[in-house]
Structures are given as C-alpha cells and as structure tokens.
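Okay, so here's the structure we're looking at.
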Amino acid sequence: MRLNRKQKILRNLLVCLLLALATYAALGFPPYTVEAMCRQVQRDYLLPELEPVYVLKEKHEYSGDWVYRHFTFLIARCRDTYVSFLYDRHLLQNERQYAREVAIGEGALCMARAGTMYVAGDFKDVCSAEAVVRADNGTRYRDFTLQGEKLGEEVFGFDVTGGKGESALFFWQEGDEEEMSLAEIANYWYRRYDSSGNGYGLLHASLPVTVTLYDERGEVMNTLSLSVETYDLHSWY
Numbered sequence: 002m003r004l005n006r007k008q009k010i011l012r013n014l015l016v017c018l019l020l021a022l023a024t025y026a027a028l029g030f031p032p033y034t035v036e037a038m039c040r041q042v043q044r045d046y047l048l049p050e051l052e053p054v055y056v057l058k059e060k061h062e063y064s065g066d067w068v069y070r071h072f073t074f075l076i077a078r079c080r081d082t083y084v085s086f087l088y089d090r091h092l093l094q095n096e097r098q099y100a101r102e103v104a105i106g107e108g109a110l111c112m113a114r115a116g117t118m119y120v121a122g123d124f125k126d127v128c129s130a131e132a133v134v135r136a137d138n139g140t141r142y143r144d145f146t147l148q149g150e151k152l153g154e155e156v157f158g159f160d161v162t163g164g165k166g167e168s169a170l171f172f173w174q175e176g177d178e179e180e181m182s183l184a185e186i187a188n189y190w191y192r193r194y195d196s197s198g199n200g201y202g203l204l205h206a207s208l209p210v211t212v213t214l215y216d217e218r219g220e221v222m223n224t225l226s227l228s229v230e231t232y233d234l235h236s237w238y
C-alpha cells in the first residue's frame, strides 16, 4: 500500500512522537515543571499535596560541561509541614540533587544553601525577622546576628556570607576569625582531618538558631528555636 504525502507526514510525526516517549521513559520520566517536582517528592516521602511557597531557578556552568546546568530550588508546604528540595537539570535529564537531602520541618523549617539561610513558616503577618546563630568550637562560641529579607509570605532569607558572596564558600578559608562570616566559621571551626588519609572534611553539626519575628510596629510577635547544619552553611548547591 502506497502512502500519499499527507499520510507520510502523519506517519513520520507518529514515529517522532513514539521516539520522544521512548526517550522520556529511558530518562526515568523526569519532572520538568514545579508541580511535577512537588508531586514526585510527595510520592517518594508519602506526603499530602505540596504547595510551592518559594521557587528559585539558577543556572551553573561546570568545568567540562558544554551547556549550563539548571537548578530549581523549592520550598513547599503541606498543612503545617515545610519541605525543601533541589532539582538539577542537564540537557533532557532532570533529577533531584541527592547530594542535598530533602529537608522537612514541622511548623517551621530552617536550612541553608549557596550562602543563604532560609527560614519558612506561617509568616503572613510578619514584617521583619532577625536570626541569631551560635557556632561553638569547643573552647569558645560566637553568636552571629543576621537580618532577614522577606522572600515571600512564608519565607525569610538570611545572608550567611557577611556580604562576601561565593568567596565565603571556598573550602580553604583561614585568617582573622573575628572577620570571618558564619559560612566561613562553619568551615574553619568544624573542619576535621580524616584519619583514613582522605584529607580534610567537614564535621556534621547542628548549630542552634533563634529567630525573632516582628510586626510592622517592630514589636515581637514570636520567637522560634531552630537549627541549621554546618554542611548547609558551607554548601554552594
């Protein structure tokens, strides 16, 4: 049976569609939309329906890559539970960044990445926030007072680099401790030598965080007792 021109075009389109579906399946059905990413996380962690409250999209160029990688960082909520996670898209593949664990907090969530500490909660009527983070090296401690920037109705961001940006996230930081930012102290005070010969690594530790919330008149509305991980404070992804 000979096909006419329209039938050949239809056949070719059908073949292309089948190839696209096969490629999509081979890639593991990657979620490309924010809603699909939320559905995948809620399915993997047996959570109720997630609603995004903060979305940050970035692109990074790694050595050896000839196209950019795209990161999608999300904070979402389900009832009183807040969840943060990160997706890494390279070419057609989009998967959760497993170097960064999914963080889950009941009532409020505190975590950090790429020089910013994020605090999520029911902040609809909150106008400003201040966070105090305590680092302790075993012989002395240091408190860091950070001013928050409201990124959404339910999210505040706090700069942990002291205005130094990505340079504060370099692993080999030394110098005057009094001039170091929270991100630099998280590296310098909690860096440990690996006795197995693999060099230096960062000690996992939870630093206490006290967040004070203020209304439009500057009066205290609430105080939260949270914590943040040293790895998060020094993580750039």
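Numbering (the numbering used here), first residue to last: 2 to 238. Glycine included, each C-beta is placed from N, C-alpha and C at the ideal position.
- Task: For residue 155, I'd like the list of residues in its chain whose CB is within less than 6 angstroms of its CB, leaving aside the five on either flank, ordered along the chain.
- Result: By 1-based counting over the sequence shown, the position of residue 155 is 154. Cβ neighbours of residue 155 beyond the five flanking positions: 54, 121, 124.
- Query: Three or more C-beta pairs closer than 8 angstroms, one from the segment 83-98 and one from the segment 218-228: is that the case here?
  - Reply: The segment 83-98 makes no contact with the segment 218-228: fewer than 3 CB pairs, one atom from each, lie closer than 8 angstroms.
- In chain order, what residues of the same chain lie with their CB nearer than 7 angstroms to the CB of residue 208, ignoring the 5 residues before and after it? Taking the sequence shown and counting its residues from 1, one reaches residue 208 at position 207. Excluding residues within five positions, the ones whose Cβ falls inside 7 angstroms are 134, 135, 136, 228, 229, 231.
- Message: Just to confirm the assignment: which complete beta strand (DSSP E) runs, minimum length 3, are found wholly within the segment 50-114?
- Response: Runs found: 52-61, 70-79, 82-91, 94-97, 104-107, 109-114.
- How about residue 213 and residue 131: do their beta carbons lie closer than 7 angstroms? Working through the sequence shown from its first residue, we reach residue 213 at position 212. Working through the sequence shown from its first residue, we reach residue 131 at position 130. If you check the CB distance, residue 213 and residue 131 come in under 7 angstroms.
- Message: Taking 6 angstroms as the limit between beta carbons, can you name the residues of its chain near residue 3, skipping five residues before and five after?
- Response: Within the sequence shown, residue 3 is the residue found at index 2, counting from 1. Leaving aside the five residues that flank residue 3 on each side, none in its chain has a CB nearer than 6 angstroms to its CB.
- Message: the ligand FMN and residue 55: does any heavy atom of the ligand fall closer than 6 angstroms to the residue's C-beta?
- Response: As far as ligands go, the structure on display features none, and thus does not contain the ligand FMN.
- Item | Every unbroken alpha helix (DSSP H) inside the segment 133-191 [4 residues or more] | You should have 183-189.
- Query: Cα-Cα, which of 71, 149, 87 is closest to residue 233?
  - Reply: As a first step, residue 233 must be located in the sequence shown, where it is residue number 232. Here the closest residue by C-alpha is 87.
- Query: Three-state secondary structure (DSSP) at residue 46?
  - Reply: Within the sequence shown, the letter at position 45 stands for residue 46. When secondary structure is reduced to three states using DSSP, residue 46 falls in the coil class, being assigned neither helix nor strand.
- Query: Of the residues 100, 36, 235, which one's Cα is nearest the Cα of residue 192?
  - Reply: Within the sequence shown, the letter at position 191 stands for residue 192. That would be 235, whose Cα lies nearest to the Cα of residue 192.
- Message: Restricting to Cα atoms, I'd like to know which of 109, 74, 84, 70 is closest to residue 90.
- Response: Here residue 90 refers to the residue found at position 89 of the sequence shown. Among 109, 74, 84, 70, the Cα nearest to that of residue 90 belongs to 70.
- Can the beta-carbon of residue 184 be found less than 7 angstroms from the beta-carbon of residue 210? As a first step, residue 184 is located in the sequence shown; it is residue number 183 there, counting from the start. As a first step, residue 210 is located in the sequence shown; it is residue number 209 there, counting from the start. With a cutoff of 7 angstroms on beta-carbon distance, residue 184 and residue 210 are scored as not near each other.
- Between the C-alpha atoms of residue 73 and residue 113, what's the straight-line distance to the nearest angstrom? Counting from one through the sequence shown, the residue named residue 73 turns up at place 72. Counting from one through the sequence shown, the residue named residue 113 turns up at place 112. Between residue 73 and residue 113, the C-alpha separation is close to 15 angstroms.
- Message: Checking 7 angstroms against the spacing of the C-beta atoms, do residue 84 and residue 56 come in under that value?
- Response: For the purposes of this step, residue 84 is taken as the residue at position 83 of the sequence shown. For the purposes of this step, residue 56 is taken as the residue at position 55 of the sequence shown. Their beta carbons are not under 7 angstroms apart, which means residue 84 does not touch residue 56 by this criterion.
- In angstroms with no decimal places, state the Cα-to-Cα distance between residue 115 and residue 159. Within the sequence shown, the letter at position 114 stands for residue 115. Within the sequence shown, the letter at position 158 stands for residue 159. About 11 angstroms.
- C-beta atoms of residue 157 and residue 151 nearer than 7 angstroms: Taking the first residue of the sequence shown as position 1, residue 157 is located at position 156. Taking the first residue of the sequence shown as position 1, residue 151 is located at position 150. Result yes, Cβ atoms of residue 157 and residue 151 sit closer than 7 angstroms.
- Query: On the premise that residue 51 lies in contact with residue 79, defined as a C-beta separation below 8 angstroms, what is that separation, rounded to the nearest angstrom?
  - Reply: In the sequence shown, counting from the first residue as 1, residue 79 sits at position 78. In the sequence shown, counting from the first residue as 1, residue 51 sits at position 50. Residue 79 to residue 51, Cβ: 5 angstroms. Contact.
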